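In case it helps, UniProt numbering puts the sequence shown at residues 1 to 419. Backbone N, C-alpha and C define an ideal beta-carbon position, used for all residues, glycine too. Quick caveat: nothing in here was measured; it's all calculated off a predicted structure. Notes for the one structure printed next.
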Amino acid sequence: MKKSQLLSCIFMGLGQIYNKQYLKGIMFMLIEIIALINIPNFAKAFWGLYTLGEVKFHYVNGRAVFDHSIFLMLKGLIAVLLLILVMILYIFNVKDAKNYAEKGIKRTSFKDVLDNMFPYIVLTPGLLSIMFLILLPIIFTVLVAFTNYSAPYHLPPRNLVDWVGFQNFKDLFKMDIWNNTLKGTLKWTIIWAFLATFTSYFGGLFLAMLINSQEIKLKKLWRSIFILPYAIPGLISMLVMRLMFSGPGIINDILEKIGLQRVDWLTEPLNAKIVLILINLWLGAPYFMALMTSILTNIPKDLYESADIDGASFLHKFFHITLPLVFYSTTPLIIMSFAYNFNNFMLIYAVTDGGPVNPDYRYAGHTDLLISWIYKMTVEQQQYHMASVVTMLIFLIIAPAIAFFFTRTRSFKEEDLIQ
């Protein structure tokens, strides 16, 4: 072992100072000094993460005294991440001292140190952002799934939160009301994501082919008309559609005027689901139309000319030329659109609010997706423990599926459109 490496093992920065990298050595030493000074704070944070508090809410001399379990969990989690970061820096400090000693190069100027450290300085804000804005919330959600953090008996600061292990997972899969809700919402979420994605996709393809056909005049005008639903803020369109399909809405008025009965569009489960699919088609088809218009114009015309010479029908050209080439270029977008629709909270919330009510479900209605069910459990019912469990399930379903299908698309593997 190099002497500088041994010194860095004993105390961060000593190896760098031995190698005459004074600025870098001082920086490493300051990191370890700060870590050592905060050992009591780390110990307290780890205690809070382990126990989630022991002092229940009470008053002492008119002053409220309590342990806030969730704050203790967050502090403990932050302490763990900081400790991991310090350990990474410690390992880097040892390797840096060893590598520098082996090179035998002595750079002591501030400019040289700055040049060497510049990539790490630039990457540090991004690394910290990932740790505390992405990794921290994910780990916190996972931890909450193993607690009883919920109203009314385990809601801080009045009450303490306890670790319960896998009890929430057992309840979700074994208790009938939770299990029925999970199965029902998961089934509808998958059906919804599939129908919402492919109706918009093929609706956009149909519009693009219709506008691109030689028989259609004023193509720019028709494109502008069909793109209007996408240009209008989506929430406005959703709220207007909700009013149109409501009981006293204009749709039922039109049905009455032509001699038909009123329809319970939003209060009957099947009708409500059909309405959601139609509204999503209205909102999503223009996007795919605009996308596929450019793709269709880039398809070599000699392919169609050769097909015409061979006497191919319209359907034959569509299924053997148009659809394969369009599908090839848009497969990654289909996958991402499916993932988006799987978690399309806004449309469900704005149009049906998850309704109509389903008495067999726990905190969910007939049209609730998993994501809107999570919203109701957190914001409306404060059942954070079960919401975290369902959130984990969504991640375990969506993340591997997207990674699997996305990496196996031809457009992902190949560089050229036509080989």
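Beta-bridge partners of residue i, as assigned by DSSP
i: H154; result: S150
i: W163; result: T147
i: V389; result: For V389, which the question treats as bridged, DSSP gives no partner whatsoever.
i: H58; result: V65
i: V357; result: G365
Reduced DSSP category for residue i - H, G, I as helix; E, B as strand; rest coil
i: H68; result: coil
i: W178; result: helix
i: R63; result: strand
i: V379; result: helix
i: G365; result: strand
i: I10; result: helix
i: V263; result: coil
i: G53; result: coil
i: I225; result: helix
i: E102; result: helix
i: Q5; result: helix
i: K217; result: coil
i: P119; result: helix
i: K20; result: coil
i: R408; result: coil
i: I418; result: Low local confidence applies: a pLDDT of 44 at I418 is under 50, so the model's placement there is unreliable, and no value is given.
i: D253; result: helix
i: G247; result: coil
i: T297; result: helix
i: A399; result: helix
i: G48; result: helix
Member of the options whose CA lies at the smallest distance from the CA of residue i
i: F198; options: F288, A231, I250, L255; result: F288
i: V263; options: G247, L278, K44, K257; result: G247
i: L205; options: T330, L155, E305; result: T330
i: L221; options: P229, K3, I211, D302; result: I211
i: V240; options: N19, S372, E54, I279; result: I279
i: G13; options: L260, V94, V357; result: V94
i: I374; options: T181, F166, I258, M27; result: T181
i: F406; options: I334, N358, A272, N168; result: I334
i: L283; options: S69, Y304, M238, L243; result: M238
i: L36; options: Y59, V65, V86; result: V86
i: I177; options: C9, L396, F57, R362; result: R362
i: L6; options: P400, F314, I91, V164; result: I91
i: Y201; options: E256, K24, I277; result: I277
i: L344; options: L235, R242, I216, K217; result: Looking at the sequence itself, residue 344 is Asn, so the reference to Leu does not match. Per the Cα distances, L235.
i: I321; options: P300, P332, M336; result: P300
i: G259; options: W265, L266, I251; result: I251
i: E102; options: K44, K2, E54, A45; result: K2
i: I394; options: D302, I138, N271, W265; result: I138
i: Q167; options: L186, V144, G184, P156; result: V144
i: P346; options: I398, F319, P269, R242; result: Contrary to the premise, residue 346 reads as Met rather than Pro in this sequence. Cα-wise, what sits closest to M346 is R242.
i: G25; options: S8, P40, I39; result: S8
Buried/exposed call for residue i, threshold 16 Cβ in 10 Å
i: I134; result: exposed
i: T147; result: buried
i: G311; result: exposed
i: D368; result: buried
i: N161; result: The question names Asn, but residue 161 is Val in the sequence shown. Per the 10 Å Cβ criterion, buried.
i: A151; result: exposed
i: L172; result: buried
i: F226; result: buried
i: S129; result: exposed
i: V389; result: buried
i: L72; result: buried
i: residue 422; result: The question about residue 422 has no answer here: the residues shown for the chain are numbered 1 through 419.
i: T297; result: exposed
i: Q383; result: buried
i: N61; result: exposed
i: D364; result: Rather than Asp, the amino acid found at residue 364 in this sequence is Ala. Per the 10 Å Cβ criterion, buried.
i: S4; result: buried
i: R408; result: exposed
i: H154; result: buried
i: Q214; result: exposed
i: A403; result: exposed
i: S372; result: buried
i: G126; result: exposed
i: F314; result: exposed
i: H16; result: It is Gln, not His, that sits at residue 16 in the sequence shown. Buried: at least 16 other Cβ atoms inside 10 Å.
Chain B within 8 Å of residue i, Cβ atoms only
i: T141; result: Absent from the structure: chain B. Only one protein chain is present.
Check: residue i C-beta below 7 Å from any heavy atom of the ligand PLP
i: S329; result: Judged by which ligands are present, the structure shown has none, so any question about the ligand PLP falls away.
*Can we say the region 309–327 touches the region 349–362, given the rule of at least three CB pairs closer than 8 Å?*
no
*Do the region 46–60 and the region 24–34 meet, that is, are 3 or more Cβ pairs less than 8 Å apart?*
no
*Decide if the region 330–340 is in contact with the region 189–197; the criterion is three or more beta carbon pairs, one per stretch, under 8 Å apart.*
yes
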